[in-house]
Amino acid sequence: MASLSSNAEESGPPQKMSSDVQTRLMDAERFFRRACEQIVQLNRRLDEMAKRYDKASRENHRSFRYSLRLRMAVTEGVRNMYYEYAANKADEITNLRCQALHDSEMGSSEEDNSDFDPMDDDEYEATDEMEGEAEPSSRDEPLNCPLDQNGE
């Protein structure tokens, strides 16, 4: 009975962690989409201001040109900050997807071995020596995600 409760406890936290990763991933994707929408709006606003600036320039309205130029500079700065924010969220999304992929792979390997009791196996010593050496080294290696192209 004690082994059943320990197996249930071991399988509980990875699922919770996976749920936490999924929640963080959905939040990051939502923030990324909103940032992209804001960038589109700011680009439209910049285009409209550029048209007004060109018209003021053609008609030689210096006072309008000055105020429009200031507004354009501020809007470009805000847009650039949204670009940085969106890029950071894109990196976060990539990392969370890798983590979710890694968690699902680890969860499936734990589920495959959850019913295995090495003490019930008569040939425990022979199989443990072969499988036991490869398993810890693969878990100790750092996560190498195929989605991560930054080389970090």
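For the sequence shown, position 48 (counting from the first letter as 1) is numbered 47 according to numbering that gives the first Met the number 0, and the numbering increases by one without interruption. We put the beta carbon where it would ideally sit given N, CA and C, even for glycine. Note that the structure is a prediction, hence the values are computed from the model and not measured.
| request: Report the rounded CA-to-CA distance for A85 versus R64, giving the unit in angstroms. | output: On the sequence shown, position 86 is the one that residue 85 refers to. On the sequence shown, position 65 is the one that residue 64 refers to. The C-alpha of A85 lies about 31 Å from the C-alpha of R64.
| Do the segment 41-61 and the segment 95-107 meet, that is, are 3 or more Cβ pairs less than 8 Å apart? | In this structure the segment 41-61 does not touch the segment 95-107; the number of beta carbon pairs closer than 8 Å is below three.
| query | From Q37 to E28, what distance separates their C-alpha atoms? | reply | Stepping through the sequence shown from its first residue, residue 37 is reached at position 38. Stepping through the sequence shown from its first residue, residue 28 is reached at position 29. Distance between the alpha carbons of Q37 and E28: 14 Å.
| task | Assign A72 to buried or exposed, taking buried as 16 or more other Cβ atoms, counted over all protein chains shown, within 10 Å of its Cβ. | result | What you label residue 72 is simply residue 73 of the sequence shown in a count that begins at 1. Looking at its Cβ environment, which holds fewer than 16 other Cβ atoms inside 10 Å, A72 is exposed.
| Proximity to N42 [Cα-Cα], best of N87, G76, S66 | Position 43 of the sequence shown, counting from 1, holds the residue named residue 42. Nearest option by C-alpha distance: G76.
| message | Residues in the same chain with beta-carbon distance under 6 Å from E91, minus the five sequence neighbours each way, listed in chain order, please. | response | Reading the sequence shown from its first residue, position 92 is the one you call residue 91. Once the five neighbours on either side are set aside, the close Cβ partners of E91 are A27.
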